[in-house]
Amino acid sequence: MAGQFRGTYVSENALLPHQASTHFRESEWHIVRGFRSEIRDFKDLPERERNARLMGLFDEIGLKSASHDWQTSTTEGSQNVYSILHAPRGSHNEAIVLVAPWTNMDGEFNDGGMALLVSLARYLKKWSIWHKNLIFVVPSNPHSALRAWVGAYHTSLKYTAGSVEGAVVLDFASTSERFDHVEVYYDGLNGQLPNLDLINTLVKVADAEYVRCDLPGSGPSYHLYGQRLQTMAAGIFRQIVAGIKPGAGCEMFSGWRIDAITLRAVGSDGETGHDITTFGRLVESVVRSINNLLEHFHQSFFFYLLLGPRFFVSIGTYLPCAMLVSNSFLIMAIHIFASKRRSFSRETIGLTSMTLGAVGLASLMLSSFFVNAISSTTWRLGLFAAATSGCISARKLLGNDTKQAIYGTALTLYGFSLTTLSMFNFSLAFGLGFITIPLAWLRRVKFARSLIILLTCPVTVLGIAAWVMDIPLLDLIDSLIYAHKVLSVWTWQVITQIWLPMWFVGVIIY
Amino acid sequence: MLLVGVILRIGLAALFPSLPQFLSAQVELSTPVSSFSRLQEGVYLYKHLSSPYQGNVFFQSPLLLSLFSVLPVQNSFYVSVFYALVDGWTAYNLAKIAKARPITSFSPNTIALLYLMNPFSMLGGLARSTLIFTNWAIVASVQAAIAARPIKSVVLIALASCLSLYPLYLVLPIFSLCLQNSYRYSFRSMVLALIGSIGAFSALGYLPLQSWNFLDKQYLTSLLFRDLSQPNLGVWWYYFIEMFAPFRPFFVGVFQLFLGSFPVGLTIRFPHEPLFVISAVVGLLAIFKPYPEVADIGLFLTLLALNKRVVGLMRYRLVVILGLLYVSALAPTFYNLWVYRGSGNANFFYAITLVYTLTVALALSDAIWAAVRLDYDGGRGRNLMQL
């Protein structure tokens, strides 16, 4: 809606986007082509051999390179390669990361991205202007492998180059020389977004190079209300499933205070469009802007919803709506307590809150136990069914007053859990609040209570989500747990520790 | 009841050995003048090198220094047991106070439960804030006053003041409480006892290091708000971190004058309810002293419950409870967004400290309103709207 959003602007970060002219032009074309055919030569070799060849390329350029072997708790593992360009003028305590994974988010071989990364390494080394180190990373995939590298960089890697100020992931999967436009991915785990100025920089640079820059999941006509709504909804959805559904790669930098984006080339068939060095120029210009930074990304916005590359909703505008949703639970709780005050004895309320607290604490401890001890998701679903039937039988045991007290307390706790969550991950809190809002009306409506219970059930919603995402339900739950364990994404905990208890209470009292 | 609370504390510390350390790093739970890790640092310096008061790390009482150089500070479990026992003792004293005032306060069990199970004092104890000892001394002093032992009471309030300065504001209502409960000693002799015991405790503080350095480091830091290294829940921090240095003395004066103007007024206004004045002053300190923390709130709420009729007349109890709930969830959230994730900024945390201040101030003004109301018509009026 007009008036509810603003145009983006480059804030006080000293980025100076596209103030320097870029020189990664046609003269580099044959070099890109050369590296491309070389990489194609060895891309099908076994992993260690192809990595050795790749490191050979970096060595020839004159950069120090190293490999990084990793393994996650789920016994998947492989080897990453990275290479460091030490800044000619700088104190070596800050770095910019450029990433080109072997395969992109869809599992395709990252043909152009790899070639561009190596030729950019060769090209950027010639400049003497860097005052932040440049790190070129080639992980085997943009998911767990990249995550493992980022984690290791901050904990155990042998060669490091200072704190990472910004990261750009290159995704140019086609084998063509040309592309039509770029898409920028900016998602992060647990609702962490990169500084808006990083995206602004890219959009400005793309403008100057006459490249169209889009957000994923939408078309170019951002002047239409429907189009903006669609873009925002797609952004919220990606934010909810970040880490659970394979993402573009930039989200793997979350949690280390690194602002990262993924640049993806789209529509690169045919003879028309921009040539591949234009993509290189975008990267070159963005990296030079980050190089200009005098201090870590600050000011601007870390909390925003993008409606288009140039439009955003800031936190001040969207937060009230999340607060309205989460506080509606609280208001219902106040209503229950206020209207029923006379009939509640202090003991009932005290006992209920203490029981709920104890149950919460126990579930907190048990949930990690269950995740580790029960390996099969079928069993987890079985356990869920058993707990549900337990709740249904508990309905008969409890008096009406106790039920009301439990309901009121649970609504209060649920409301303020959602409020807290919305500060971290607006999308998740808003989505969850939106789905479960009928639970606040359970005692008020006269009809369709069973339907409400069914529709707000986590398993039903996950089932629908799995159907939308076109994967089996069990796989979705597995990937939730995987994201929780390996990437420390909270969604699994939110579902089992906030949503599920509230739903159980709903089952008991309806 | 006491046993359950104490065992729960020990159990939590034993089950999650990293919990105390984690909690004591939270800015809401421990401040530069009460932090356990700073105390450990001080004890180490005292034992191995030289005076901990020469640096700018340790601002706590030399009495604590001597106490903890005898206790095994290294063994985390024993320290937890010690803290739990001190908390248990405090709760025991509170229960005794409640027993001595059967009509005007809730039952002794409820009061003990309120202190031991209330998350604020529990977190304070688990985070090993040394404010726990101050709270113990305050409660013991009130108990002694009610048990008609004025000199013991005065000595204990002097101890509390020596431990963390601000309980000095409680001296007047404590005197009033003593005089109410016993006629054995005159006002003058109690003042003499107070001066004498403060002198004695200071001399005790002089002994371990043979220097008066601690007076400067401990008291002036609390008084002039000299250590700005950590944010806290109060209104001082943000204000003073933004301020140009030349204005600091003036505003320190203004803030202290503001805080200091209340206790006398309250004591005069409620001459027959010294216990209520004590709870009100504790609540006031929880808002306006330079380094407030959640252990203050725990004590305030429990002391307030000793005035049952006041609590019964309060209008915004639910609002206060919900406000405190929100603050306890959002304060760590905003601190995390600001300091660890870097996506928020200091204003986030400042906003939530303002909410905290408003909530406690609401509770306090509501309680004072209720007390005035009691004075006026004994709370018998019919138009009482409560939330």
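Chains as they are written, first to last, in the working numbering: chain U, 722 to 1231; chain A, 27 to 413.
Glycine is no exception: its CB is placed at the ideal position from the N, C-alpha and C atoms.
In chain order, what residues of the same chain have a beta carbon less than 7 Å from the beta carbon of residue i, not counting five sequence neighbours either side?
i               : result
L149 (chain A)  : L49, L55 and V320
I158 (chain A)  : Y109, V112, D113, G150, G151 and A321
Q792 (chain U)  : G798
G256 (chain A)  : It should be pointed out that residue 256 (chain A) corresponds to Gln in this sequence rather than to Gly. Here the set comprises V53, T57 and P58.
W364 (chain A)  : G370, N371, A372, F374 and F375
G883 (chain U)  : H813, N814, E815, A816 and N854
R1116 (chain U) : I1229
S1010 (chain U) : L736, L737, P738 and T922
S975 (chain U)  : G909, L910, N911 and Q913
I123 (chain A)  : V168, Q169, I172 and L332
Q1020 (chain U) : S732, E733 and N734
F1145 (chain U) : N911 and G912
Within 10 Å of its beta-carbon, does residue i have 16 or more other beta-carbons around it, so buried, or fewer, so exposed?
i               : result
H74 (chain A)   : exposed
A1059 (chain U) : exposed
E749 (chain U)  : buried
R175 (chain A)  : buried
E1005 (chain U) : buried
L1104 (chain U) : exposed
F276 (chain A)  : exposed
Q86 (chain A)   : buried
K1167 (chain U) : exposed
T876 (chain U)  : exposed
A821 (chain U)  : buried
I129 (chain A)  : exposed
H789 (chain U)  : buried
Going by DSSP, what residue range makes up the beta strand (DSSP E) through residue i?
i              : result
N854 (chain U) : N854 to V859
Please name the residue or residues paired with residue i in a DSSP beta bridge.
i               : result
I982 (chain U)  : U:V889
S884 (chain U)  : U:E815
F62 (chain A)   : DSSP lists no partner for F62 (chain A).
C934 (chain U)  : U:V903
R868 (chain U)  : Its beta-bridge partners do not exist; DSSP assigns none.
I805 (chain U)  : U:K785 and U:I856
S1035 (chain U) : U:Y1025
R727 (chain U)  : U:F1033
F830 (chain U)  : U:T824
W791 (chain U)  : U:S799
K966 (chain U)  : U:A963
H995 (chain U)  : U:F900
V987 (chain U)  : U:H902
CB-CB under 8 Å to residue i, same chain, minus the five flanking residues each way: which ones, in chain order?
i              : result
E770 (chain U) : F763
V30 (chain A)  : L142
Along the chain, where does the alpha helix (DSSP H) that runs through residue i open and close?
i               : result
A396 (chain A)  : A372 to D403
G225 (chain A)  : F213 to L235
W1224 (chain U) : L1221 to I1230
M269 (chain A)  : Unbroken run through M269 (chain A): none, as it is neither H nor E.
I36 (chain A)   : L28 to L41
Y1203 (chain U) : L1194 to V1207
T1141 (chain U) : N1121 to F1145
V168 (chain A)  : L157 to I172
S187 (chain A)  : P176 to S190
A927 (chain U)  : L917 to A929
Y104 (chain A)  : S102 to A126
Please go through the same chain and pick out, in chain order, the residues whose beta-carbon is closer than 6 Å to the beta-carbon of residue i, but skip the five residues on each side of it.
i              : result
A969 (chain U) : M826, Y906 and T983
T729 (chain U) : N921, R1031 and F1033
A955 (chain U) : G938
F132 (chain A) : A331 and K334
G3 (chain A)   : Outside the modelled stretch of chain A, which goes from 27 to 413, sits residue 3 (chain A), for which no answer is possible.
S804 (chain U) : F779, L784, S786 and F857
F62 (chain A)  : S50 and R154
E904 (chain U) : D935, P937, R985 and V987
Touch check for the segment 847-854 of chain U and the segment 919-926 of chain U: three-plus C-beta pairs under 8 Å?
With the cut-off at 8 Å, the segment 847-854 of chain U and the segment 919-926 of chain U do not touch.
With three or more beta-carbon pairs closer than 8 Å as the criterion, would you say the segment 191-211 of chain A touches the segment 355-362 of chain A?
By the Cβ rule, the segment 191-211 of chain A does not count as touching the segment 355-362 of chain A, because fewer than three pairs are nearer than 8 Å.
Stretch pair the segment 219-234 of chain A + the segment 309-317 of chain A: three plus CB contacts closer than 8 Å
The segment 219-234 of chain A vs the segment 309-317 of chain A: no contact.
Within the chosen definition, does the segment 164-175 of chain A reach the segment 248-267 of chain A through at least 3 CB pairs nearer than 8 Å?
As far as the Cβ criterion goes, the segment 164-175 of chain A does not touch the segment 248-267 of chain A, which means the pair count is below three.
Can we say the segment 1164-1182 of chain U touches the segment 396-406 of chain A, given the rule of at least three CB pairs closer than 8 Å?
No, the segment 1164-1182 of chain U is not in contact with the segment 396-406 of chain A.
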